[in-house]
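Below is one structure, written out as C-alpha cells; the observations come after it.
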Amino acid sequence: MKILGLETSCDETAAAVVEDGRKVLSNVVASQIDIHAQYGGVVPEVAARSHIEVVLPVINQALEQANCSWDDIDGIAVTHGPGLLGSLLIGTLTARTLALAHNKPLYAVNHVVAHTFANFLIEPQIDFKFPLLSLSASGKHSDLLLFSSPLEYKLLGQTRDDAAGEAFDKVARMLGLPYPGGPKIGQLAPSGNEQAFQLPTANLKDSYDFSFSGLKTAVLRALQSAVGGDFRTPSGELPNRLSDNQKADMAASFQRTVCETLTAGLLKAYYEFKPATVVIAGGVSANGRLREEVNRQLPVKMAYAPIAYCTDNGAMVASIGYYLALEHQTTDPRTLRTDPSLAV
Ligand code: KG4
Ligand code: ZN
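Just so we're aligned: 1145 in this note's numbering is position 125 of the sequence shown, and the numbers increase by one with no gaps anywhere.
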C-alpha cells in the first residue's frame, strides 16, 4: 500500500510516498530556514505564504521521484495538528482537495505522534516489538510516549514549559548562532568544555515531565556574569561580548545538560515500564551528543533514524498513515478540522 504523506505544520513543506509504512519511495522537503533565519525564528504569516507557493510542486516532485501516478496512490495522510494554524491550513486544505479530486481515502495525523514513526523508516528494517517507549523532542514538544501498538499510546510525560528544541534555539540566539539553533549548537559544542558551566536541572519528582525554561534562564545569567554584567545586561549584547571559547564552552555545557536531562527521563521510564523497544524522535533526536548519552546509559541496543527523518518530513506522516489505513481510520475530506493545539 502506497501512502502520500503531507506535512506543513511549521516551516517545512514536505511530501513523501511510503510503501507499507516502512519503505520510503520518495521524501521531498522544501525548507524555509533561509527565509526565517533573517528574523531569528519562524514568522507564521510568512511560513503560510511560503507553503502555498511550494505545496503542489513538492507533492508533484514526491510522486515523480517515487515513480508514481495518482492511480498508484492508495491514500493521503496529512498533519492536522499541532502546529501553526496558517501553515496547517495549507496542508489540510490541499490534502482535502486532492482526496476529493482523486477519490482517495484521507488520514488525519497528529504531528507529535508521527515523529516516532521516523524510526519505522530505518533501513534495514527493524522488527519493532511492543510496548515501545519513545522520547520525542522537537521545537514544540518534549514527550515520553509508551506505545502498546502503532496506534495505541499513552503520554507518560511532557514539557511543562519550553520544549527541548526551543531551549536549543533560544540559547543559540544568546550565543549569536543563527536559527535553527539546535544543529548549530551541536556543531560548536565539540570545541568547548562541557563541564565549564554547571547548570541546574529541574527536579520534577514522581513525574515523567520535563522543564527547560529554568535552564534557559540559568544560561542567560551565567552568560551575563561571564561578560562581567548582571541580570540587566541585554541578551542581545551577549554575542559581541563573549569570547569564542566562552561560546563554545556554553554550547557544550548546555547541550550536555539537556542531553543528560532527556536521557534521565527516558531511563526512568525504561526501568518503570520495561518496554521491548526504545526509540528517540523529533528534531532534537538528530543530536549526536544525545545519541551518545542514550547509548551510554540505556542497557539496550538502539537504532537511530537518519537525520532527514528526525526533523519535519512527510515520510513519517505517510508511515503512520499506513497504520491508520490498516485500521480503516479514515477522515471525511469535507469536514477534516485543523487543530493548532491538538493534544497527543
Ligand atoms: O521536529 P522538528 O523539525 O520541528 C518541530 O516539530 O518543532 O524540530 C526542530 C527542532 C528545532 O528546535 C531545532 O533546533 C532542533 O529540533 N534540532 C536540533 C538538532 N537538529 C534540529 N537540536 C539539537 N541538535 C540537533 N542536531
Ligand atoms: Zn516536528
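All residues carry an ideal CB built from backbone N, CA and C; glycine is no exception.
- Around the beta carbon of Thr1136, 16 or more other beta carbons lie within 10 angstroms, which makes this residue buried.
- Taking 8 Å as the cut-off, one finds no heavy atom of the ligand ZN near enough to the beta carbon of Gly1206.
- In the three-state DSSP reduction, Lys1043 falls in the strand class (E or B).
- The continuous alpha helix (DSSP H) containing His1071 extends over residues 1064-1085.
- Segment contact: the segment 1090-1101 against the segment 1109-1116, three or more CB-CB distances shorter than 8 Å; contact assigned.
- Its Cα nearest to that of Gln1145, the residue Val1044 stands out among Val1044, Ile1093, Val1075.
- Using a Cβ distance threshold of 9 Å, Asp1189 and Gly1206 do not count as a contacting pair.
- Assigned with DSSP and collapsed to three states, Gly1256 falls in helix.
- By the Cβ neighbour-count rule, Leu1165 is buried, with 16 or more other Cβ atoms within 10 Å of its own.
- Within 8 Å of the C-beta of Gly1159 there is at least one heavy atom belonging to the ligand ZN.
- Looking at the backbone, the Cα of Leu1356 and that of Asp1332 are separated by about 21 Å.
- In the three-state reduction of the DSSP assignment, Ser1029 falls in the coil class.
- Of the candidates Thr1028, Lys1288, Leu1175, Gly1060, the residue whose Cα lies closest to the Cα of Val1048 is Thr1028.
- Here Val1062 is near Asp1031, since their CB atoms are less than 9 Å apart.
- Cβ contact annotation for Arg1180 (same chain, cutoff 6 Å, sequence separation greater than five): Asp1229, Ser1231, in chain order.
- Set against 8 Å, the gap from the CB of Asp1332 to the closest heavy atom of the ligand ZN is smaller.
- Going by DSSP, Thr1277 is part of the alpha helix (DSSP H) stretching over 1264-1293.
- Note on Arg1193: 16 or more other CB atoms within 10 angstroms of its CB, so buried under the neighbour-count rule.
- Within 10 angstroms of the beta-carbon of Val1320 lie fewer than 16 other beta-carbons, which makes it exposed.
- In this structure the segment 1287-1304 touches the segment 1139-1158; the number of beta carbon pairs closer than 8 Å is three or more.
- Counting only the Cα atoms, Asp1163 lies some 28 Å from Ala1242.
- For the ligand KG4, no non-hydrogen atom lies closer than 8 Å to the CB of Leu1235.
- Met1021 and Leu1104 have their C-alpha atoms roughly 30 Å apart.
- Look at Phe1137 here: in three-state DSSP terms it is helix.
- Rounded to the nearest angstrom, the gap between the Cα atoms of Ala1119 and Leu1026 is 12 Å.
- Classified as exposed, Thr1117 has fewer than 16 neighbouring CB atoms from the shown chains inside 10 Å of its CB.
- With respect to Ile1340, Leu1208 sits apart: the two C-beta atoms are not nearer than 9 Å.
- In the three-state reduction of the DSSP assignment, Gly1060 falls in the coil class.
- With a cutoff of 9 Å on beta-carbon distance, Leu1262 and Met1270 are scored as near each other.
- Rounded to whole angstroms, the separation of the alpha carbons of Lys1174 and Lys1294 is 15 Å.
- Minimum Cα-Cα distance from Gly1185 among the listed residues Gly1177, Leu1195, Tyr1199 corresponds to Tyr1199.
- Look at Ser1233 here: in three-state DSSP terms it is helix.
- Distance from the CA atom of Glu1347 to the CA atom of Val1304, rounded to whole angstroms, is 30 Å.
- Membership of Tyr1127 in the beta strand (DSSP E) is indicated by the continuous run 1126-1130.
- Tyr1291 and Gly1177 have their C-alpha atoms spaced approximately 15 Å apart.
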